[in-house]
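Enquirer: Each protein sequence line maps, in turn, to chains R and V. Per my numbering, the first sequence starts with residue 1, numbered consecutively. Per my numbering, the second sequence starts with residue 1001, numbered consecutively.
2 protein chains.
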Amino acid sequence: VDADAIERAKRAAGDNAAGLVTDGMTLGLGTGSTARWFIAAVARLVADGMRLRGVATSLASEAQAREAGIPIIDLPAGGLDLAVDGADCVDPDLRLVKGAGGAMLREKIVAAAAERFVVVVDESKLRDRLGAVLPVEVLPFGSAATLAAIGRVCGVEPRWRPGTQDGRYVTDNGNLVADVPMEGGIGDPEALAEQLDAVPGVLGHGLFLGMSDLVLAARADGGVTELRPRGRS
Amino acid sequence: VDADAIERAKRAAGDNAAGLVTDGMTLGLGTGSTARWFIAAVARLVADGMRLRGVATSLASEAQAREAGIPIIDLPAGGLDLAVDGADCVDPDLRLVKGAGGAMLREKIVAAAAERFVVVVDESKLRDRLGAVLPVEVLPFGSAATLAAIGRVCGVEPRWRPGTQDGRYVTDNGNLVADVPMEGGIGDPEALAEQLDAVPGVLGHGLFLGMSDLVLAARADGGVTELRPRGRS
């Protein structure tokens, strides 16, 4: 795999998503290596005079957006016009696994608040079946018991994501991340999401189900494939 | 209603629950005016030489327990022997609404980790139908949009619990509390819990369903009624 080609593809997807932006929009700004290209493209639209405002899904995206001149606001009660974000894995039903960047909780809040949620990926993220490391955001209080409960629900052993606070990664929200190795496949994503949501101490997770309105998948040939949910135009 | 009689009833319930404690147990220590009496009774057992350890559900309960000489530990991965806590409302299926004290998220983690979860209340908390102010713990990020989503799910207008940080209450976990006025009754608690759990930005809520192993309800006459889930002995 050619790293330059992947980067070009990510840029193509981000630029393509920026084509959906119109004057006056309030935008959700995703986190990660593909979302960065969307933010860069939005910054050019602002520089060209478009009146846009952004809600950032991470401190990193907020810093990039502010630096590039995009006005940043808190998520309004009324929601957003458009949110654009990357994904770690996309299945044919446009269900997603997200959270390699650790921002999945804020990303899901922003995606849920958007009238239109658009996913930008390179085509290597498209799979026949959902399967990836599944990140779960966990309250520090009682985290050992919560980790054990996550393992029982998922049927595999989760691991704390390593980081700098006592060796563990800490999210922008001050919580821990359990990485669940589900690269082998997630049989029933809806059931798993419901069971994880019901575990006290689980604050969020990387399963984004029924949320994607459009997936823009950049191909190695430089083109972008548009994928829409079945049954929707 | 006689305030002294209610306090005596709360004490009777707390003392009664302490009768379930045996040497060597690791205990979940609840939060609130009835759980305080349980903690006081446990402290007497420790003073009498019983080897006990406690996991506190709030900073307030931790302070009370430490002051009284109960060793406090983090929630072990293997869980707890017994957790005892109060409730705001108990229905005939022993479903609960909790969280008037704002500690419902930690309380639910502790209750879920306990082999046996015992609820201590005065009998005024027993109702034919679940109905009370339902507290929901909300991530500060995106909280305006999350509050709107909670209102759509619950069908009534939630309010931020007032407090001292910019006028709003902040939990021990650093989050906000939306109080949902459901005193009129909660028609389908399981469905509501599932819908609330699925809202990104909702980190926890006061519905405790299928968790109670025993309810100790102190009567005005000084006695304690024991209630067990239907179909269990």
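Glycine residues also receive a C-beta, built at the ideal position from the N, C-alpha and C atoms. Computed from a predicted model, the values in this text were never measured in an experiment.
1) Using a Cβ-Cβ cut-off of 6 Å (strictly less than) and excluding sequence neighbours within five positions of R/Ala35, which residues of its own chain qualify?
2) To the nearest whole angstrom, what separates the beta carbons of R/Val90 and R/Val121, a pair I think is in contact under 8 Å?
3) Report all residues from its chain with a CB closer than 7 Å to the CB of R/Asp23; omit the five preceding and five following residues, and keep chain order.
4) Would you grab the beta carbon distance between R/Ala13 and R/Ala217 for me? Rounded to a whole angstrom, and I think it's under 8 Å.
5) Cβ of R/Gly184 versus every heavy atom of the ligand FMN: is any distance shorter than 7 Å?
6) Could you tell me the alpha carbon to alpha carbon distance between R/Val136 and V/Thr1225, rounded to whole angstroms?
7) Looking at the structure shown, is V/Leu1096 part of a helix, part of a strand, or coil, going by DSSP?
8) What did DSSP end up calling R/Ile73 once you bin it into helix, strand or coil?
9) Does any residue of chain R bring its CB to less than 8 Å from the CB of V/Phe1141?
10) I'd like the ranges of any alpha helix (DSSP H) spanning at least 4 consecutive residues and lying wholly in the region 126-165 of chain R.
11) Sort out for me which residues DSSP pairs R/Phe239 with in a bridge.
12) What does V/Pro1076 reach in chain R if we use C-beta pairs closer than 8 Å?
13) Using 8 Å as the limit for Cβ to Cβ distance, is R/Asn16 near chain V?
14) For R/Glu226, go through chain V and note every residue whose CB falls closer than 9 Å to its CB, in chain order.
15) Do you know offhand how far V/Val1055's Cα is from R/Ala17's?
16) Whose Cβ in chain V lies nearer than 7 Å to the Cβ of R/Lys108?
17) Given a cut-off of 8 Å on the beta-carbon distance, is the pair V/Leu1209 and V/Arg1095 in contact?
18) Between which two residues does the beta strand (DSSP E) harbouring R/Asp179 extend?
19) Which residues, taken in chain order from the region 179-206 of chain R, show a beta carbon closer than 7 Å to some beta carbon of chain V?
20) Is V/Gly1079 closer than 8 Å to R/Ala145 when the C-beta atoms are compared?
21) Which chain V residues sit within Cβ distance under 7 Å of R/Ala113?
22) List the DSSP bridge partners of V/Asp1122.
23) Would R/Ala148 pass as an interface residue toward chain V - the criterion being a Cβ-Cβ separation below 8 Å?
24) Helix or strand or just coil, what does DSSP make of V/Leu1029?
25) Which class does V/Ala1041 belong to by DSSP, given the choice of helix, strand or coil?
26) Under a Cβ-count criterion, where at least 16 other Cβ atoms within 10 Å of its own Cβ denotes burial, should V/Gln1064 be classed as buried or exposed?
27) Using a Cβ-Cβ distance cut-off of 8 Å, determine whether V/Leu1105 contacts chain R.
28) Using a Cβ-Cβ distance under 8 Å, would R/Gly79 count as near chain V?
29) For V/Gly1142 versus R/Leu75, is the C-beta distance shorter than 8 Å?
Expert: Reading it off the structure:
1) Asp85 and Gly86
2) 6 Å
3) Met50 and Arg51
4) 7 Å
5) The ligand content of the structure shown is nil, which means the ligand FMN is not present either.
6) 41 Å
7) strand
8) coil
9) yes
10) 143-154
11) Here chain R covers residues 1 to 233 and nothing more, so residue 239 of chain R does not appear.
12) Ala144 and Ala145
13) no
14) None at all; the shortest Cβ gap to chain V is about 25 Å.
15) 49 Å
16) Pro1200
17) yes
18) Leu176 to Met182
19) Glu194, Asp197, Ala198, Pro200, Gly201, Leu203 and Gly204
20) yes
21) Gly1142 and Ala1145
22) V/Ala1218
23) yes
24) strand
25) helix
26) buried
27) yes
28) yes
29) yes
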